[in-house]
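Chemist: As numbered in numbering that gives the first Met the number 0, the sequence shown has no gaps in its residue numbers, which increase by one up to the final residue, 152.
Sharing a structure with you now.
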Amino acid sequence: MVAQKTFKIKELTPADLQAVLEIEYRCFPDPYPLSLLEQLYSSYPRGFIGAELEGRLVGYLIFTMRWGGIGHILSLAVDPPYQRRGIGSALVRKALEDLKADGARTVRLEARKSNIGARMFYLTLGFKEERELPHYYEDGETAVLMWYTYPNT
């Protein structure tokens with residue numbers, strides 16, 4: 000029997016942004032450029048968390064706080080060879096925990112309408128679909144706006 004290797008969740012540093020970018024390119028048709036990642040990091044460094052396995056970044060999540068107690072998940076990706084191992088779920092749970100500690104009452108995100116897998120993933124974590132945002136993505140695709148509301152808030 001082969002032992003399951005475990006990952007750890009960590010706060011990312013500027014030195015991790017190149018690895019984030021590499022995962023972006025492997026996972027998304029329209030990845031964030033490094034300059035945007037650097038800008039997002041400088042505005043809210045606490046909002047960059049990652050999953051590390053054997054010293055290698057295998058997934059990340061970027062979030063921020065908006066006004067009015069609203070958290071916003073901007074990006075989540077797990078390197079394809081490491082998907083479906085609980086890494087994405089662990090990153091979302093950690094982000095929800097951190098956002099709540101920062102005063103969030105709700106958390107929003109946008110998912111591609113065509114990305115049924117991502118939408119179902121977020122639904123299983125307690126997010127609800129609210130409405131569509133036409134022409135949201137650079138390629139013209141519609142996004143689905145999703146919300147998470149903390150229990151007892």
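Where is the CB? At the ideal position from N, CA and C, for every residue including glycine.
Relative to the alpha-carbon of Phe120, which residue among Ala76, Ser34 and Glu137 has its alpha-carbon at the smallest distance?
Modeler: For the purposes of this step, residue 120 is taken as the residue at position 121 of the sequence shown. Comparing Cα positions, the closest option is Ala76.
Chemist: By Cβ distance, which residues of its chain are closer than 7 Å to Ser113, with the 5 residues on each side in sequence left out?
Modeler: Taking the first residue of the sequence shown as position 1, residue 113 is located at position 114. These residues qualify, in order along the chain: Glu140.
Chemist: For the beta strand (DSSP E) containing Ala103, list its first residue and its last residue.
Modeler: Translated into positions along the sequence shown, residue 103 becomes position 104. Segment: none, Ala103 is in no beta strand (DSSP E) and carries neither H nor E.
Chemist: From which residue to which residue does the alpha helix (DSSP H) around Ala117 run?
Modeler: Taking the sequence shown and counting its residues from 1, one reaches residue 117 at position 118. First-last of the alpha helix (DSSP H) with Ala117: Ile115 to Thr123.
Chemist: Taking the CB atoms as reference points, tell me whether Leu33 and Gly58 lie closer together than 8 Å.
Modeler: Working through the sequence shown from its first residue, we reach residue 33 at position 34. Working through the sequence shown from its first residue, we reach residue 58 at position 59. Not closer than 8 Å, so no.
Chemist: Among Glu129, Gly116, Arg111 and Tyr149, which residue has its Cα nearest to the Cα of Asp138?
Modeler: Here residue 138 refers to the residue found at position 139 when the sequence shown is read from its first residue. Considering only alpha carbons, the answer is Arg111.
Chemist: Since Tyr40 and Met64 should fall inside the 8 Å C-beta cutoff, what is the C-beta to C-beta distance between them, to a whole number of angstroms?
Modeler: Counted from its first residue, the sequence shown places residue 40 at position 41. Counted from its first residue, the sequence shown places residue 64 at position 65. About 14 Å; that fails the 8 Å criterion.
Chemist: What does the Cβ neighbour count give for Leu122, buried or exposed, with the cut at 16 atoms within 10 Å?
Modeler: In the sequence shown, the residue the question calls residue 122 occupies position 123. It counts as exposed.
Chemist: Take the Cβ of Ile48 as the centre, count every other Cβ of all protein chains shown within 10 Å, and call the residue buried at 16 or more, exposed below.
Modeler: Here residue 48 refers to the residue found at position 49 of the sequence shown. Ile48 is buried by the Cβ-count criterion.
Chemist: List the whole-angstrom C-beta distance separating Tyr149 from Ala142, where the pair is believed to meet the contact cut-off of C-beta under 8 Å.
Modeler: For this step, residue 149 is matched to residue 150 along the sequence shown. For this step, residue 142 is matched to residue 143 along the sequence shown. Between Ala142 and Tyr149 the Cβ distance is about 23 Å, and since that is not below 8 Å, they are no contact.
Chemist: In the structure shown, what three-state DSSP assignment does Gly54 receive?
Modeler: Locating residue 54 in the sequence shown gives position 55, where the first residue counts as 1. Looking at Gly54 - three-state DSSP - the assignment turns out to be coil, as it is neither helix nor strand.
Chemist: With Leu144 and Glu129 assumed to form a contact (beta carbons below 8 Å), what rounded beta-carbon distance in angstroms separates them?
Modeler: Against the sequence shown, residue 144 aligns to sequence position 145. Against the sequence shown, residue 129 aligns to sequence position 130. Correct: roughly 5 Å between the Cβ atoms.
Chemist: Could you check what DSSP says for Arg92 in three-state terms: helix, strand or coil?
Modeler: As a first step, residue 92 is located in the sequence shown; it is residue number 93 there, counting from the start. The answer is helix: DSSP assigns Arg92 an H, G or I state.
Chemist: Among Val106, Cys26, Ala117 and Lys93, whose alpha-carbon lies nearest the alpha-carbon of Gly70?
Modeler: Counting from 1 along the sequence shown, the entry for residue 70 is found at position 71. Among Val106, Cys26, Ala117 and Lys93, the Cα nearest to that of Gly70 is on Val106.
Chemist: Give me the Cα-Cα distance between Phe78 and Asp29, rounded to the nearest whole angstrom.
Modeler: Here residue 78 refers to the residue found at position 79 of the sequence shown. Here residue 29 refers to the residue found at position 30 of the sequence shown. Reading the sequence as shown, one finds Asp at residue 78 and not Phe. Rounded to the nearest angstrom, the two C-alpha atoms are 15 Å apart.
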